[in-house]
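J.: Under the working numbering, think of the first position of the sequence shown as 226, with each following residue one higher.
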Amino acid sequence: MNRHVLMLDLKSDPVLIERYRQWHAPGQVPPAVVRAIRQAGILEMEIHLCGDRLAMIVDVTDDYDPAAKAAVDAADPDVQAWEALMDTFQRRLPWAKAGQKWVPADRIFSLAEQ
Numbered sequence: 226m227n228r229h230v231l232m233l234d235l236k237s238d239p240v241l242i243e244r245y246r247q248w249h250a251p252g253q254v255p256p257a258v259v260r261a262i263r264q265a266g267i268l269e270m271e272i273h274l275c276g277d278r279l280a281m282i283v284d285v286t287d288d289y290d291p292a293a294k295a296a297v298d299a300a301d302p303d304v305q306a307w308e309a310l311m312d313t314f315q316r317r318l319p320w321a322k323a324g325q326k327w328v329p330a331d332r333i334f335s336l337a338e339q
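1) Should Asn227 and Val285 be called a contact, given that it needs their Cβ atoms to be closer than 7 Å?
2) Going by C-alpha to C-alpha distance, which of Ser335, Asp287, Leu279, Ala265 sits closest to Ser237?
3) Along the chain, where does the beta strand (DSSP E) that runs through Glu243 open and close?
4) Find out if the Cβ-Cβ distance for the pair Leu231, Pro329 is shorter than 7 Å.
5) Is Arg316 helix, strand or coil by DSSP?
6) With 16 as the cutoff for other CB atoms within 10 Å, does Phe314 come out buried or exposed?
As structure tokens, then:
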């Protein structure tokens with residue numbers, strides 16, 4: 226199993242941040258989106274919020290392919306509708322590449338390695 230940690234900011238608006246939280250409450254994410262996540266080989270996904278910064282922790286299977294997931298997602302109207310909705314709340318990190326939403330974080334410490 227592999228772990229990915231990704232970062233993204235929300236628009237700095239308390240009302241939008243609360244709505245974003247509500248959209249991610251249990252049962253609020255559309256079933257088609259949850260199904261697409263699981264079918265891609267994502268075993269667990271958590272999103273943590275601190276102020277307006279998000280950290281997403283994703284545990285994936287050994288054969289997980291982010292490019293394949295992106296291609297499947299691009300062809301799925303339910304996933305695209307969800308992404309368009311989420312874009313109304315999100316803002317890219319200043320150092321994100323063109324077209325990049327979630328930016329990978331570099332692990333710089335591991336207790337197991339100490």
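Note that beta-carbon positions come from the ideal geometry of N, C-alpha and C, so glycine has one too.
T.: Considering the structure as presented:
1) yes
2) The candidate whose alpha carbon is nearest that of Ser237 is Leu279.
3) Counting along the chain, Glu243 sits inside no beta strand (DSSP E); it lies in the alpha helix (DSSP H) bounded by residues 239-248.
4) yes
5) strand
6) buried
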